[in-house]
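In terms of this note's numbering, the sequence shown is residues 17 to 280.
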Amino acid sequence: MTVTRPIIAMPDAQTVTEIRHWTDRLFSFRVTRPRSLRFRSGEFVMLGLMGDNGKPLLRAYSIASPSWDEELEFYSIKVPDGPLTSRLQHIQPGNQIVLRPKPVGTLVLDALLPGRRLWFFATGTGVAPFASLVRDPDTYERYDQVILTHTCRHADDLGYSRDLVAATMDDPLVGEQAQAQLSYFPTTTADESAQMGRITNLLRSGEVFQALDVPPIDPVSDRAMVCGSIALNTDMKEILEGFGLREGSNSKPAEYVVEKAFVD
Ligand code: A2P
17 MTVTRPIIAM PDAQTVTEIR HWTDRLFSFR VTRPRSLRFR SGEFVMLGLM
67 GDNGKPLLRA YSIASPSWDE ELEFYSIKVP DGPLTSRLQH IQPGNQIVLR
117 PKPVGTLVLD ALLPGRRLWF FATGTGVAPF ASLVRDPDTY ERYDQVILTH
167 TCRHADDLGY SRDLVAATMD DPLVGEQAQA QLSYFPTTTA DESAQMGRIT
217 NLLRSGEVFQ ALDVPPIDPV SDRAMVCGSI ALNTDMKEIL EGFGLREGSN
267 SKPAEYVVEK AFVD
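See below:
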């Protein structure tokens, strides 16, 4: 007697729908969205691939797509020897990834008190949660002005955020609000560009305020979210607290929130 084994779907499997390689170190990909998944813009989920041992190899990835999107988008670096990204960078449309549909995180609007101006400070792939937040109508309803800063070494590394901002300005849902309320402030630290230097130094010197024609950050009107390396986050905390902002959380909203950009 032959026994036919039922085909059991991999739990939490999602199908890759699109991949885009931005540079030899950066790529973004889109996957199908689990029907049950509800998330707040700025949150992250655990995703990855099945390992040879039959166990999933998962890492934290911020959801870069807006919460109204039918699919989910992620933005990742490629670490040559990274256990996950060395494999993940080769995924193709139709492949399956593992995604645990339990979104969490502190880079959410609910963790901030109301204010007039909202700053997003990102380095590298830390821009991913803000890619979700700049396409959320709530962001523009809660704040009059939204400023996205993105610091990378090379001009090419800014391609994802440059395209994001251009697409957001044209977006049928938030385009009109974004055109009136969103400013983009890209800076590079290695390549020549219109605005060079670490955002931390540009804040300390005040150049960023001059360039954007806004008053210096103050705790009455300004709110901030930070996502980058541990060093960036530590430096930004000191700078923001120097301006009088206090760190908030989901349970105790305040003037700024920080999260580490997740890397392999
Ligand atoms: P820099 O080139 O001066 O180190 P990485 O690729 O290491 O994640 O860095 C991405 C970007 O973040 C780079 O432009 C880098 O600048 C910048 N960066 C790294 N650490 C800090 C920090 N502590 N404060 C501000 N910017 C930083």
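Using N, Cα and C, we set each Cβ at its ideal position, and we do this for glycine too.
Next item on the list: Quick one: give me the first and last residue of the beta strand (DSSP E) that Gln112 is part of.
Entry: 112 to 120
Checklist line | Gly258, buried or exposed, once every other Cβ within 10 Å from all chains shown has been counted against 16 | finding: exposed
Next item on the list: Assuming Val114 and Leu63 form a contact by the criterion Cβ under 8 Å, report the distance between their Cβ atoms to the nearest whole angstrom.
Entry: 6 Å
Notebook entry, point to check: So, Val12 versus Arg56, is the Cβ gap smaller than 8 Å?
Noted result: Residue 12 lies beyond the stretch modelled for the chain, which goes from 17 to 280, so this question has no answer here.
Notebook entry, point to check: Can you list, in chain order, the residues of its chain whose CB lies under 7 Å from that of Asn281, leaving out five sequence neighbours each side?
Noted result: Since the first residue of the chain shown is 17 and the last is 280, residue 281 is not available in this structure.
Check: Under a three-way DSSP split, which group does Ile163 fall into?
Finding: strand
Notebook entry, point to check: Thinking C-beta only, is Arg133 closer than 8 Å to Tyr156?
Noted result: no
Next item on the list: Express the C-alpha separation of Pro231 and Pro99 in angstroms, rounding to a whole number.
Entry: 45 Å
Check: How is Arg56 classed by DSSP in three states: helix, strand or coil?
Finding: coil
Margin query: Within 10 Å of its beta-carbon, does Asp40 have 16 or more other beta-carbons around it, so buried, or fewer, so exposed?
Written below: exposed
Margin query: Run through the DSSP bridge pairs and tell me what Trp135 is partnered with.
Written below: Ile163, Ala240
Margin query: Following a CB-centred definition, is Ala240 positioned closer than 7 Å to any heavy atom of the ligand A2P?
Written below: no
Notebook entry, point to check: Among the residues of its own chain, which have a CB less than 6 Å from the CB of Pro202, if the five just before and after it don't count?
Noted result: His166, Leu174
Checklist line | Cβ-based burial, Met17 [other Cβ within 10 Å; buried from 16] | finding: Confidence in Met17 is poor, its pLDDT being 48 and thus under 50, which makes the residue's placement unreliable; the coordinate value appears in the next sentence. So Met17 ends up on the exposed side.
Checklist line | Residue ranges of each alpha helix (DSSP H) within the region 149 to 214, 4 or longer | finding: 153 to 158, 175 to 185, 191 to 197
Check: Can you name the start and end residues of the alpha helix (DSSP H) that Ala270 belongs to?
Finding: Where Ala270 is concerned, there is no enclosing alpha helix (DSSP H), given that its DSSP letter is neither H nor E.
Next item on the list: Spatial neighbours of Pro117 within its chain, please: CB distance less than 8 Å, with the 5 preceding and 5 following residues excluded, ordered by chain position.
Entry: Asp28, Pro50, Ser52, Leu53, Val61
Check: Is Leu219 near the ligand A2P, in the sense that its beta carbon is under 7 Å from a heavy atom of that ligand?
Finding: no
Margin query: According to DSSP, Phe90 sits in a beta bridge with which residue or residues?
Written below: Phe45
Check: DSSP puts Ser102 in a beta bridge; with which residues?
Finding: Bridge partners of Ser102: none, in fact.
Checklist line | When Arg214, Pro119, Met185 are compared against Pro153, the one with the closest alpha-carbon | finding: Met185
Item checked: Exposure of Leu198, with buried meaning 16 or more beta-carbon neighbours within 10 Å -> buried
Next item on the list: Please go through the same chain and pick out, in chain order, the residues whose beta-carbon is closer than 7 Å to the beta-carbon of Val120, but skip the five residues on each side of it.
Entry: Glu59, Phe60
Check: If we count the other Cβ atoms within 10 Å of its Cβ and call it buried at 16 or more, is Arg178 buried or exposed?
Finding: exposed
Notebook entry, point to check: Got a sec: does the ligand A2P put a non-hydrogen atom nearer than 7 Å to the Cβ of Ser245?
Noted result: yes
Margin query: Pop quiz: Thr139 and Gly264 are said to be a contact at Cβ under 8 Å. What is the actual Cβ separation, rounded to whole angstroms?
Written below: Incorrect: roughly 21 Å between the Cβ atoms, too far for contact.
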